[in-house]
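Written below as structure tokens is the structure these notes are about.
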Amino acid sequence: MQNMTESIVYILEDDPTMGKWYIGLLQSIGVNVAVYPSGQEFLSMVHPSDTACAVMDMILPDMTGLAVLEKMHERGIWMPVIFASGYGDVGTAVQAMKAGAEDFLEKPLKAQVFLDAVQKALAKSHQSHQLKPATQDVQGLMARLTPREREVLELIMAGLSNKEMAKKIGVSPRTIEVHRANLYSKMRADSLADLVRKGLALSQ
Numbered sequence: 001m002q003n004m005t006e007s008i009v010y011i012l013e014d015d016p017t018m019g020k021w022y023i024g025l026l027q028s029i030g031v032n033v034a035v036y037p038s039g040q041e042f043l044s045m046v047h048p049s050d051t052a053c054a055v056m057d058m059i060l061p062d063m064t065g066l067a068v069l070e071k072m073h074e075r076g077i078w079m080p081v082i083f084a085s086g087y088g089d090v091g092t093a094v095q096a097m098k099a100g101a102e103d104f105l106e107k108p109l110k111a112q113v114f115l116d117a118v119q120k121a122l123a124k125s126h127q128s129h130q131l132k133p134a135t136q137d138v139q140g141l142m143a144r145l146t147p148r149e150r151e152v153l154e155l156i157m158a159g160l161s162n163k164e165m166a167k168k169i170g171v172s173p174r175t176i177e178v179h180r181a182n183l184y185s186k187m188r189a190d191s192l193a194d195l196v197r198k199g200l201a202l203s204q
């Protein structure tokens, strides 16, 4: 497995005792740990490393774990997420997995089960960064687009001109130009071909 000293696990946990348990356990296998007591603090401070994952409680003081995961995706922050909850049930677990969670663990946590889940998540993170899949990068950029910008991107990929797009969605050609400029900026595209290539990466 990859060098654990280059890995970091972000912990979202408002119980200090539980936070210390996470730190002691993860440091024992050489993993860096950062603990955040709230979802907002995590979102304002997180800087994903090459190999990282997040472990979060389903219920945090300021928002749910699912809300944190949703905001991560909106901001283009992609890493494996493990939910740990003392209120685990099948419905909640299914909801978490559908939202994109890597795993769902019920509290009280068993040390070895927890470490196995973390190591699996870190291995996945490491592999994804090694492979650098285009879809993961583009998904992060795509999350920044408005619904109308997504619509314009689809029309561009369909080969429509500015005038044709304007007529189809009922706006002026000038408005289409503004949307196109925003697309180039948000998708970090330096040419039309680059923009289309990134759009195609999501449809493959």
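Counted from 1, the sequence shown has number 95 at position 95 by UniProt numbering; the numbering is strictly sequential. Just so it is clear, CB atoms sit at the ideal spot from N, CA and C, and this is done for glycine as well.
Exposure of residue i, with buried meaning 16 or more beta-carbon neighbours within 10 Å
i    : result
M187 : buried
P173 : exposed
G65  : buried
A111 : exposed
A181 : exposed
G199 : buried
S7   : buried
E177 : exposed
P108 : exposed
Under the three-state DSSP convention, the category residue i falls into
i    : result
I169 : helix
I176 : helix
A189 : coil
V33  : strand
S28  : coil
G19  : helix
G76  : coil
V196 : helix
S44  : helix
Identified DSSP bridge partners for residue i
i   : result
F83 : M56, F104
V9  : V33, C53
L64 : According to the sequence displayed, residue 64 carries Thr and not Leu. T64 pairs with I59.
Distance, residue j Cα to residue i Cα
i           : j    : result
S185        : I169 : 22 Å
E149        : E70  : 20 Å
M157        : K124 : 32 Å
P133        : D194 : Because P133 carries a pLDDT of 47, less than 50, the predicted location of this residue cannot be relied on, and no value is offered for it.
L153        : R144 : 13 Å
P147        : H179 : 11 Å
M45         : G86  : 26 Å
E41         : P61  : 11 Å
L26         : T17  : 14 Å
residue 241 : G159 : There is simply no residue 241 to check, as the chain begins at 1 and stops at 204 in what is shown.
G140        : I77  : 7 Å
L155        : M165 : 7 Å
D57         : G30  : 23 Å
For this session: Entirely within the stretch 95 to 160 and at least 3 residues each: give me those beta strand (DSSP E) ranges in chain order.
Result: 103 to 106
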